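Visitor: In our numbering, the protein residues as written are 714 to 776.
Glycine is no exception: its CB is placed at the ideal position from the N, C-alpha and C atoms.
In this text, all values refer to a predicted model and were calculated from it rather than measured experimentally.
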């Protein structure tokens, strides 16, 4: 899974404030690659209330 905030419709909204992706990308430029195991780990952490759930909502093509 590639995560790029520039492709998210929630970018620059209040959802960004506690999005786990923002914490991952804080010091990086551009998208990050998250493999299946990492995505599962993020989901487990979110389900336990330790990090917010992934809020990435991809923009439709052409937006």
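1) Per DSSP, residue 756 forms a beta bridge with which residues?
2) Does DSSP classify residue 771 as helix, strand or coil?
3) Anyone know if the C-beta pair for residue 772 and residue 734 falls short of 8 angstroms?
4) Can you have a look at residue 755 and say buried or exposed, based on whether 16 or more other CB atoms are within 10 angstroms of its CB?
5) Between residue 753 and residue 759, what straight-line distance do the alpha-carbon atoms span, to the nearest angstrom?
6) Does the beta-carbon of residue 769 have 16 or more other beta-carbons within 10 angstroms, so that it is buried, or is it exposed?
Guide: Based on what the coordinates show:
1) Numbered from 1 along the chain shown, position 43 holds the residue referred to as residue 756. BP columns for residue 756 are empty, so no partner.
2) By 1-based counting over the chain shown, the position of residue 771 is 58. Reduced to three states, the DSSP call for residue 771 is strand.
3) The count along the chain shown starts at 1 and reaches residue 772 at position 59. The count along the chain shown starts at 1 and reaches residue 734 at position 21. Taking 8 angstroms as the Cβ cut-off, residue 772 and residue 734 do not qualify as a contacting pair.
4) By 1-based counting over the chain shown, the position of residue 755 is 42. Label assigned to residue 755: buried.
5) Reading the chain shown from its first residue, position 40 is the one you call residue 753. Reading the chain shown from its first residue, position 46 is the one you call residue 759. Going by the C-alpha atoms only, they are around 10 angstroms apart.
6) Mapped onto the chain shown, residue 769 falls at position 56. So residue 769 ends up on the buried side.
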